[in-house]
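Protein chains in written order, with the working numbering: chain A, 224 to 410; chain B, 224 to 410.
In what follows, a structure is listed as structure tokens, so that the remarks can point back to it.
There are 2 protein chains.
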Amino acid sequence: MGRWEPNARTRLEQAALELYVERGYEQTTVAEIAKVAGLTERTFFRHFADKREVLFSGSHVLQDLLVGAISASPAGTPPIEVIVDAFAAAGELLEERRAFAERRQQVVSAHAELRERELLKMAALSSAAAEALRDAGTPEPHASLAAEAGVAVFRVAFERWIGNQDGPRLPDVIRETAQLLQAVVAA
Amino acid sequence: MGRWEPNARTRLEQAALELYVERGYEQTTVAEIAKVAGLTERTFFRHFADKREVLFSGSHVLQDLLVGAISASPAGTPPIEVIVDAFAAAGELLEERRAFAERRQQVVSAHAELRERELLKMAALSSAAAEALRDAGTPEPHASLAAEAGVAVFRVAFERWIGNQDGPRLPDVIRETAQLLQAVVAA
DNA sequence: TAGGCTGATGACAGTAACTGACATCAAGCA
DNA sequence: TGCTTGATGTCAGTTACTGTCATCAGCCTA
């Protein structure tokens, strides 16, 4: 056994979500989170840049998944198709963690500070997707537009999915929403 | 003459932008901004919710313009057309304030905290646009999708416009970008 | 096996964003 | 003339976040 309990980072994440749910984000201090995790405030800030970031460690996983899917798509596929497929693949991950996603989303959407951070993560997702598209040969501004369109679809699809228990699976909602976007934009 | 110099709010905004440009956002304290404006830190926080917000008072003007344009559009117009026209109209405002917009954008894009806030304002713009579309009879999720598509177009168009001195006017860049989106999504 | 190095943590002091409570005082109104 | 109002100042307090130094188990190396 090591000198310290393992998984400090994970313990902090769990403690934070727990407390944010129980008593709200603003009413929770970082010192409390650290204490529940058996650590100190200073250690919290060694693992996370700020009080918000502790809820967003999963976003880089999503981003890697997205970029990987884009890079793996066969050359010559239209960018919008590449993007929608990639988001559908990433959506699979969330589908598998639906209970967690729901719990987390309830906290995030209740606090402007956290919504802000989520938007920043989405913007990062969009930038990364656009870069992956450019690497695959799509020029600007088409790459950015396809990436932004993908994020728009994801946003709307996610909201429909999260608010509709027992509804269709997220990847399917994403594909369906993409078709709707196509109709809306074409009109 | 009143008891205090008038336009406290405007003075704070100008002082803040000035200092953010000169020495950077993080290196500027709210106390310094207030001092330059001839006020105290406490008064700053009576006018603006936080250190970021002082750069974003213009966003509600943009939002009002956008919503007004949507509401004024003739019934029966396809939502995407309504949205693009509305953003083009809003773009006219920025075109007229290009020098200011450029200066301000240089500060905002240099600091993650400020980019975050800008994304929140964009999200608010999207929500307000979607609501205006719904009021005009467009059902969900079409209203949200059209609004998100509009924001996507605006984002890409704004970036192209700001980075291209002597290029076409913002409203024209917006319309052109909208056509590109249509092509990208249709593909 | 002794001794030094490393990396995660604790302890502690400090800065600055933000808030609540109360005081001030010119202008307008009764 | 006196009351109310609204924008401001003052001051004390909380908490997010940072810099710095100390600690110490496990590992590596001589």
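Virtual Cβ for every residue (Gly too), placed ideally from N, Cα, C.
Because the structure is a prediction, the values reported are computed rather than measured.
message: Suppose contacts are defined by Cβ-Cβ distances below 9 Å. Is A436(B) in contact with L235(B) by that definition?
response: The question about residue 436(B) has no answer here: the residues shown for chain B are numbered 224 through 410.
field: Within chain B, partners of Q405(A) - CB distance below 8 Å
entry: Here the neighbours are V408, A409.
task: Quick one: residues in its chain with C-beta nearer than 6 Å to the C-beta of P394(A), no 5 flanking neighbours on either side, listed in chain order?
output: Excluding sequence neighbours, P394(A) sits near A311, G314, E315.
message: So V379(A) contacts chain B; which residues on that side make the cut at Cβ distance below 7 Å?
response: Under a criterion of Cβ atoms nearer than 7 Å, the residues of chain B adjacent to V379(A) are, in order, P364, S367, L368, E371.
- request: Look up E241(A) in the DSSP assignment and say whether it is helix, strand or coil.
  value: In this structure, E241(A) counts as helix in the three-state DSSP scheme.
task: Just the chain B side, please: which residues come within less than 9 Å of I303(A) by C-beta, in chain order?
output: Close partners of I303(A) in chain B (Cβ separation under 9 Å): V407, V408, A409, A410.
task: Using a Cβ cut-off of 8 Å, pull out every chain A residue sitting near T400(B), in sequence order please.
output: Neighbours of T400(B) in chain A, taken as residues at a C-beta separation under 8 Å, are given in chain order as P364, L368.
query: Residues of chain B with CB under 8 Å from A346(A), in chain order?
result: Chain B residues near A346(A): R338, L342.
- request: Inspect the CB distances between the segment 284-293 of chain B and the segment 260-272 of chain B and report whether three or more fall short of 8 Å.
  value: Contact annotation: the segment 284-293 of chain B does not touch the segment 260-272 of chain B, with fewer than three C-beta pairs closer than 8 Å.
message: At the level of alpha carbons, what is the spacing between R275(B) and A298(A)?
response: Cα to Cα, R275(B) sits roughly 43 Å from A298(A).
field: Contact check, A411(A) vs A366(A), beta carbons under 9 Å
entry: Not covered by the structure: residue 411(A). The range shown for chain A is 224 to 410.
field: Buried or exposed by the 16-neighbour rule on C-beta atoms within 10 Å, applied to A422(B)
entry: Here chain B covers residues 224 to 410 and nothing more, so residue 422(B) does not appear.
- prompt: For L337(B) versus L278(B), is the C-beta distance shorter than 9 Å?
  reply: Taking the C-beta atoms as reference points, L278(B) is found nearer than 9 Å to L337(B).
message: My parser needs the alpha helix (DSSP H) runs of 4 or more residues fully inside the segment 246-306 of chain B; what are they?
response: Runs of the alpha helix (DSSP H) inside the segment 246-306 of chain B: 253-259, 264-270, 282-295.
message: Is the beta carbon of I303(A) closer than 9 Å to that of I293(A)?
response: No.
field: Segment limits, alpha helix (DSSP H) that includes P362(B)
entry: No alpha helix (DSSP H) holds P362(B); DSSP gives it neither H nor E.
message: Which residue marks the beginning of the alpha helix (DSSP H) containing A322(A), and which one marks its end?
response: Residue range 321-331 is occupied by the alpha helix (DSSP H) that includes A322(A).
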